[in-house]
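Down below is the structure, laid out as structure tokens.
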Amino acid sequence: MIAWICKNQLGRRNLTPEQRKYLVGKQYEAEKASVPNAAGKNQFSEEVSGQNDHQPTSEKTSEKIAREIGTSERFVRRAEEFARGVDAAEEAVPGMKQEILSGKLKGTDQAIRAIGKAEPERREELTRKLQHP
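Here the sequence shown is numbered in our numbering, starting from 42 and rising by one per residue.
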């Protein structure tokens, strides 16, 4: 469901670059969580079976999304890290997600991705540094 919403929203022409990157990251996160591996398992179930279930493909989820939106696989993987960073910043300091995605707050991608990778205790400090460089 989340993947479909993101895919649908990516069709809009009035997205900021930050919003586009966030949506690509959330789509990748949702799709890779639901795709079974070669053994027929994913993080949500022990066995994936049934007539209508998706069968594993040799194409990586990041490659598939990159092909669909016309970017590189690395962009898709970085977009997921960016989305995680935005979500972590919002959790640490409410209201940050809107500031980042609207383009009002200009932080580097690397700084935003670092928030998502940091320990929960340091996330607020790193988020405040975005506000006051």
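Ideal Cβ placement from N, Cα and C applies to all residues, glycine included.
Give the DSSP-derived three-state secondary structure of P135 in the structure shown. In the structure shown, P135 falls within a coil segment according to DSSP collapsed to helix, strand and coil.
E166: first and last residue of the uninterrupted alpha helix (DSSP H) it sits in: Bounds of the alpha helix (DSSP H) holding E166 are 161-172.
T57 burial status per 10 Å Cβ neighbour count (16 or more: buried): By the neighbour-count rule (16 or more Cβ atoms within 10 Å), T57 is not buried but exposed.
Rounded separation between V134 and T168 - CA only: Straight-line measurement puts the Cα of T168 at about 7 Å from the Cα of V134.
Taking Cβ to Cβ, would you say A120 is nearer than 9 Å to K62? Against a cut-off of 9 Å, the Cβ pair of K62 and A120 comes out as a contact.
Where does G148 sit, in a helix, a strand or coil, going by DSSP? In this structure, G148 counts as coil in the three-state DSSP scheme.
Check G126 in the structure and name its three-state DSSP category. In the structure shown, G126 adopts helical secondary structure according to DSSP, grouped into three states.
Could you tell me the distance, in whole angstroms, from the CA atom of A44 to the CA atom of I110? Using only the alpha carbons, I get a separation of about 13 Å.
Can you check whether the CB of V117 is closer than 9 Å to the CB of A129? Going by beta carbons, A129 and V117 fall outside the 9 Å limit.
In three-state DSSP terms, what is E114? DSSP, reduced to helix, strand and coil, places E114 within a helical segment of the structure shown.
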